[in-house]
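Engineer:
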Amino acid sequence: VVRERVLRGGLIAAAALAALGRGPARAAEGPPSLGAPAAPIEPATAIGGPSTCPRPEAVWGELLTLVPHERLEARLRAVARGKAPAVEIFDLGVPYRIIAAGQVREYRDESHDCAYRARIAAVFVALAIDPAELVVPPPPTPPTAAPPAPTPAPAPAPGPDKMMDMPPPTARLDLGATALAGIGPDDRTGQIGAELRWAAGGRRIGPEAGLAALLPVDNTVGGVRLRQWRLPVDAGVRARIAGPRVERYGELGISVALLSERALDLASPKSQTALEIGLRVAVGLHAARGRFGAFAALGAVLVPDPPAVFALPAGAVGHTPLLWVGATAGASLGFR
Amino acid sequence: MRRRTAGAAIVLFPVLCVALAAGCGRLDVGSDLYWTARFETADFSEWTGVRGGAAQAFPMPPNMMAVSSTQAHQGSFSAALTITAGPDGAQENAGLVRAGDLPTEAYYSAWYYLPRSVSVGTFWVLFKFRMRTNASDSSTAGELYDMDLATLPSGEMTLRLYDHQTTADLPLDVTEPVVPVEAWFQLEAFYRAASDDTGRLTYWLDGQQVVDISGRPTSPTSWVEWDACSVGENLTPETVTVYIDDCAISRSRVGPSGLLTE
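Those sequence lines, one after another, are chains A and B. Position 57 of the first sequence, counted from 1, bears residue number 412 in this note's numbering, the numbering being contiguous throughout. Position 60 of the second sequence, counted from 1, bears residue number 79 in this note's numbering, the numbering being contiguous throughout.
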């Protein structure tokens, strides 16, 4: 689907350029032929570069289907840089690079479809060597209408760029299953639940916040059996490293958990809640840069001063975990 | 927009870091104490206000009981139990009693203070369990185990466990443990009333186990009476006062570091 859209965009642009040959942009084509007629441009001198996929001659051939030969030569002369080719093509494997009229653009094509690459490159070259005069074809003029308006409408941005250089989402909402292990000298416990995380900001760094709902768990602190509920929320910053297939990120923030403990075996049990404040770090991966994708993350919360569990007559029987480590995986929704 | 959010994050983060300095609080999850008596009400209401509880001395005079601020283990008050037990062969009594409405098994703890050494002629009981052969008939009450004080040849005080069933002292696991004078010491017992082999009686002196009797019947019924007392005969000097404080009945061990209040 993307290829078809790319091709359609290119054909529209090419049609616009072809129309320019008859339009008011002729004055911008460079020096008119005042003296002897210029020698015809050879494809090998106009389009260079070491690329074998696409080959320069294949790009030339595609260019000729988009732009009339005479106009193409005129534009290439106008943007020529001495003896160097006006257009150069480089095959870099999955990516391939086109340099035309001083503009550089890199596209990706994992299938190594050389004909497709040639068409894309030709569209880019056609746009690059004559960008100012690109127009959308005017609507059909009724037979009795006045001459067409002299000023064409500006063209939309080229299709291929938009599809292939899609920016990362400006915000993400991650929902996943989470498993946590609490570790401390007096308490070791495990918890499972669900985690919801929001992250926003620019490409590299931005705020993030998370909330987890965890199932209650029974554990023992200092010989006192307890049923523990824990509701952690956190806020901090996320730094991202965007990649072609995955986005890596790291988070640093503060975690505040509402911790509720109820004794199970005491003669006079009661429930009480306390705040557990910790420093949170996490690293994760987003599998795609699109709107939907998967994610996985590893995190840890260090609680420097965990709440003490107090029961009579023993007094302080121990503390809740000093360190929480966990893993979360689920689905991610991106917003632009 | 992105700059604003990133800026907010940069400002927010140090603010949140400050929160780390805040205390995280304490989770008070309850108590294993069934009952306590700390005497901080300056009376005996903790004993007399519960069913089966009592604080009494007899004959009175010369024996007497009072709440005193002269000595206190924790807080400001303790119970001062004074008896005058001369060489006339009469038993003198002052006791704090919890009878009935007690669990079949529990830990019993009390702190004691002896102002001076006493030479024990016949006996001096500080800690006592009693029983009933018929739990609903008070006339069937009888004696079980007495934790006594005795005097060593060195003049120091030590413990003796007297078994009323065998009318003899039971051997302790620790030989002649020394009971401190002019210092608070804790006596704690675990008692399981059982008419079968699950009966158990264990004593600790200041946290050190001194005797553990198990695998035998302790009481014909589950009815339990516990006395923190001063019951003596033929003591020198004749008039002795013992201070008692921070008494507790607990589902779990109290121990010397145990707390009776938050």
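For each residue, glycine too, the CB sits at the ideal point set by N, CA and C.
Do you know offhand how far G681 of chain A's Cα is from G545 of chain A's?
Structural biologist: Here residue 681 of chain A refers to the residue found at position 326 when the first sequence is read from its first residue. Here residue 545 of chain A refers to the residue found at position 190 when the first sequence is read from its first residue. Rounded to the nearest angstrom, the two C-alpha atoms are 9 Å apart.
Engineer: Which residues, in order along the region 244-277 of chain B, keep a beta-carbon less than 9 Å from a beta-carbon of chain A?
Structural biologist: So the list reads A267, S269, R270, S271, R272, V273, G274, S276, G277, given in the order they occur along the chain.
Engineer: Which of the three DSSP states, helix, strand or coil, is assigned to H92 of chain B?
Structural biologist: For the purposes of this step, residue 92 of chain B is taken as the residue at position 73 of the second sequence. Of the three classes helix, strand and coil, the one that applies to H92 of chain B here is coil, per DSSP.
Engineer: Would you mind telling me which residues of chain A sit closer than 7 Å to G44 of chain B, beta carbon to beta carbon, in chain order?
Structural biologist: Counted from its first residue, the second sequence places residue 44 of chain B at position 25. Within chain A, the residues near G44 of chain B are A629, L630, P662.
Engineer: Quick one: using the 10 Å Cβ neighbour count with 16 as the cut-off for buried, is F63 of chain B buried or exposed?
Structural biologist: Here residue 63 of chain B corresponds to residue number 44 of the second sequence, with the count starting at 1. The residue is buried, with at least 16 neighbouring Cβ atoms inside 10 Å.
Engineer: In this structure, how does DSSP classify H674 of chain A when only helix, strand and coil are distinguished?
Structural biologist: Locating residue 674 of chain A in the first sequence gives position 319, where the first residue counts as 1. H674 of chain A falls in the strand class under three-state DSSP.
Engineer: Which residues bound the alpha helix (DSSP H) around G416 of chain A?
Structural biologist: Residue mapping note: residue 416 of chain A aligns to position 61 of the first sequence, counting from 1. Per DSSP, G416 of chain A belongs to the alpha helix (DSSP H) from 411-421.
Engineer: Just to confirm, are I96 of chain B and E244 of chain B a CB contact at a threshold of 8 Å?
Structural biologist: By 1-based counting over the second sequence, the position of residue 96 of chain B is 77. By 1-based counting over the second sequence, the position of residue 244 of chain B is 225. According to the sequence shown, residue 96 of chain B is Phe rather than Ile. Cβ atoms of F96 of chain B and E244 of chain B: not closer than 8 Å.
Engineer: What residues from the region 86-111 of chain B come within 7 Å of chain A, judged by C-beta to C-beta, listed N to C?
Structural biologist: Result list empty, no residue passes.
Engineer: So what's D264 of chain B in DSSP terms, helix, strand or just coil?
Structural biologist: Within the second sequence, the letter at position 245 stands for residue 264 of chain B. Residue state, collapsed to three classes: strand.
Engineer: If you count every other CB in all the chains shown that lies within 10 Å of the CB of S466 of chain A, and 16 or more means buried, which is it?
Structural biologist: Position 111 of the first sequence, counting from 1, holds the residue named residue 466 of chain A. Label assigned to S466 of chain A: exposed.
Engineer: For a contact meaning CB atoms closer than 9 Å, what does S138 of chain B contact in chain A?
Structural biologist: Along the second sequence, one-based indexing puts residue 138 of chain B at 119. Within 9 Å Cβ-Cβ: nothing; S138 of chain B doesn't reach chain A, min ~35 Å.
Engineer: From the DSSP output, read off the bridge partner residues of F142 of chain B.
Structural biologist: Taking the second sequence and counting its residues from 1, one reaches residue 142 of chain B at position 123. In the DSSP output, where bridge partners are listed per residue, F142 of chain B has B:E252.
Engineer: What is the rounded straight-line gap between the Cα of T237 of chain B and the Cα of T152 of chain B?
Structural biologist: Within the second sequence, the letter at position 218 stands for residue 237 of chain B. Within the second sequence, the letter at position 133 stands for residue 152 of chain B. Cα to Cα, the separation comes out at about 11 Å.
Engineer: Classify P587 of chain A as helix, strand or coil using the three-state DSSP reduction.
Structural biologist: Within the first sequence, numbered from 1, the residue matching residue 587 of chain A stands at position 232. Strand.
Engineer: Taking the alpha-carbon of C469 of chain A as reference, which of A:Q458, A:G448, A:A481, A:L530 has the nearest alpha-carbon?
Structural biologist: Here the question's residue 469 of chain A lines up with position 114 in the first sequence. Residue A:G448 is the option with its Cα nearest to C469 of chain A.
Engineer: Using a threshold of 8 Å, state whether the C-beta atoms of I263 of chain B and W130 of chain B are closer than that.
Structural biologist: If you number the second sequence from 1, residue 263 of chain B lands on position 244. If you number the second sequence from 1, residue 130 of chain B lands on position 111. Yes, the pair counts as a contact, with Cβ atoms nearer than the cut-off.
Engineer: Rounded to the nearest angstrom, what separates A476 of chain A and G537 of chain A at their Cα positions?
Structural biologist: Here the question's residue 476 of chain A lines up with position 121 in the first sequence. Here the question's residue 537 of chain A lines up with position 182 in the first sequence. So the two alpha carbons sit approximately 56 Å from each other.
Engineer: Counting contacts by CB-CB distance shorter than 8 Å, is S241 of chain B in contact with chain A?
Structural biologist: The count along the second sequence starts at 1 and reaches residue 241 of chain B at position 222. So, not an interface residue.
Engineer: Considering only the alpha carbon of each residue, which of B:F209, B:L224, B:H183 lies closest to T194 of chain B?
Structural biologist: As a position in the second sequence, residue 194 of chain B is number 175, starting the count at 1. Comparing Cα-Cα distances from T194 of chain B to each of B:F209, B:L224, B:H183, the minimum goes to B:L224.
Engineer: Which full runs of the beta strand (DSSP E) of 3+ residues lie inside the region 116-202 of chain B, going along the chain?
Structural biologist: Runs found: 124-132, 138-151, 160-170, 176-182, 187-189.
Engineer: Counting only beta-carbon separations shorter than 8 Å, does Y127 of chain B have a partner in chain A?
Structural biologist: Numbered from its first residue, the second sequence carries residue 127 of chain B at position 108. With 8 Å as the cut-off, Y127 of chain B does not count as an interface residue toward chain A.
Engineer: DSSP beta-bridge partners for R687 of chain A?
Structural biologist: Here the question's residue 687 of chain A lines up with position 332 in the first sequence. A quick correction: the sequence has Ser, not Arg, at residue 687 of chain A. Its beta-bridge partners are A:D529, A:G648.
Engineer: Considering only their Cβ atoms, is the gap separating M150 of chain B from T240 of chain B smaller than 8 Å?
Structural biologist: Within the second sequence, numbered from 1, the residue matching residue 240 of chain B stands at position 221. Within the second sequence, numbered from 1, the residue matching residue 150 of chain B stands at position 131. Yes; because the gap between Cβ atoms is below 8 Å, this pair is in contact.
Engineer: Could you pull out every residue in the same chain whose Cβ sits closer than 6 Å to the Cβ of A554 of chain A, ignoring the five residues on either side in sequence?
Structural biologist: Mapped onto the first sequence, residue 554 of chain A falls at position 199. For A554 of chain A, where only same-chain residues beyond five positions count, the Cβ hits under 6 Å are R527, E563, R593.
Engineer: For the alpha helix (DSSP H) holding L551 of chain A, just list the boundary residues, first then last.
Structural biologist: Mapped onto the first sequence, residue 551 of chain A falls at position 196. No alpha helix (DSSP H) holds L551 of chain A; the beta strand (DSSP E) holding it covers 543-555.
Engineer: List the residues of chain A that V48 of chain B touches, going by C-beta distances under 8 Å, in chain order.
Structural biologist: For the purposes of this step, residue 48 of chain B is identified with residue 29 of the second sequence, where counting begins at 1. Residues of chain A passing the Cβ test: V579, L581, E616, R617, A618, L621, P624, K625, S626, Q627, V664, F665, A666.
Engineer: Given this structure, state the Cα-to-Cα distance separating A247 of chain B from L145 of chain B, to the nearest angstrom.
Structural biologist: As a working mapping, residue 247 of chain B is identified with position 228 in the second sequence. As a working mapping, residue 145 of chain B is identified with position 126 in the second sequence. Computed Cα separation, rounded: 6 Å.
Engineer: Tell me the DSSP secondary structure of S242 of chain B in three-state form.
Structural biologist: Taking the first residue of the second sequence as position 1, residue 242 of chain B is located at position 223. Residue 242 of chain B is actually Trp in this sequence, not Ser. It is coil, neither helix nor strand.
Engineer: Please check the pair P661 of chain A and R45 of chain B, which I expect to be a contact at CB under 8 Å, by giving their CB distance rounded to whole angstroms.
Structural biologist: As a first step, residue 661 of chain A must be located in the first sequence, where it is residue number 306. As a first step, residue 45 of chain B must be located in the second sequence, where it is residue number 26. That pair is no contact at about 11 Å.
Engineer: Any contact of the region 250-262 of chain B with the region 123-142 of chain B, i.e. 3+ C-beta pairs under 8 Å?
Structural biologist: The answer is yes - the region 123-142 of chain B touches the region 250-262 of chain B, with three or more Cβ pairs under 8 Å.
Engineer: Which stretch, first to last residue, makes up the alpha helix (DSSP H) that contains L333 of chain A?
Structural biologist: Chain A is shown from 356 up to 691; residue 333 of chain A falls before or after that span and cannot be answered.
Engineer: Answer yes or no: does any C-beta atom of chain B fall closer than 8 Å to that of A568 of chain A?
Structural biologist: On the first sequence, residue 568 of chain A is found 213 positions in, with the first residue counted as 1. No, no contact with chain B.
Engineer: Please compile the residues from chain B whose C-beta is within a distance smaller than 8 Å of the C-beta of G670 of chain A.
Structural biologist: Locating residue 670 of chain A in the first sequence gives position 315, where the first residue counts as 1. Those are S276, G277, L278, listed as they occur along chain B.
Engineer: When the cut-off is 8 Å and only beta carbons count, does Y222 of chain B lie next to chain A?
Structural biologist: By one-based count along the second sequence, residue 222 of chain B stands at place 203. It does not; no Cβ of chain A falls within 8 Å.
Engineer: Taking the DSSP output, what are the residues bridged to R580 of chain A?
Structural biologist: Here residue 580 of chain A is taken as the residue at index 225 of the first sequence, counted from 1. In the DSSP output, where bridge partners are listed per residue, R580 of chain A has A:T575.
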